[in-house]
Amino acid sequence: MRFEIMRLDDTDGTPVDTTIVDAACVNTIVQQAAAIGQRLWIRPAELPTTS
106 MRFEIMRLDD TDGTPVDTTI VDAACVNTIV QQAAAIGQRL WIRPAELPTT S
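If you use the numbering used here, the sequence shown corresponds to residues 106 to 156, in order.
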């Protein structure tokens, strides 16, 4: 499963940048963000539908 992780602005909470990662990477990114007090928004990545 893949997740979209958005780094949020400290002032107003708007997304600053976005990355798509697999589930194995989420924990590492969350730990790094927590260590520096960074705000994240994490949600399942929308995968393109195949026709």
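The beta-carbon is built from N, C-alpha and C at its ideal position, and this holds for glycine as well.
Bear in mind that the values here come from a model prediction, so they are computed numbers and not experimental data.
Counting other Cβ atoms within 10 Å of its Cβ, I110 reaches 16 or more and is therefore classed as buried. The C-alpha of L145 is placed about 6 Å away from the C-alpha of L113.
By alpha-carbon distance to P149, the top candidate from A138, G142, D127, Q143 is D127.
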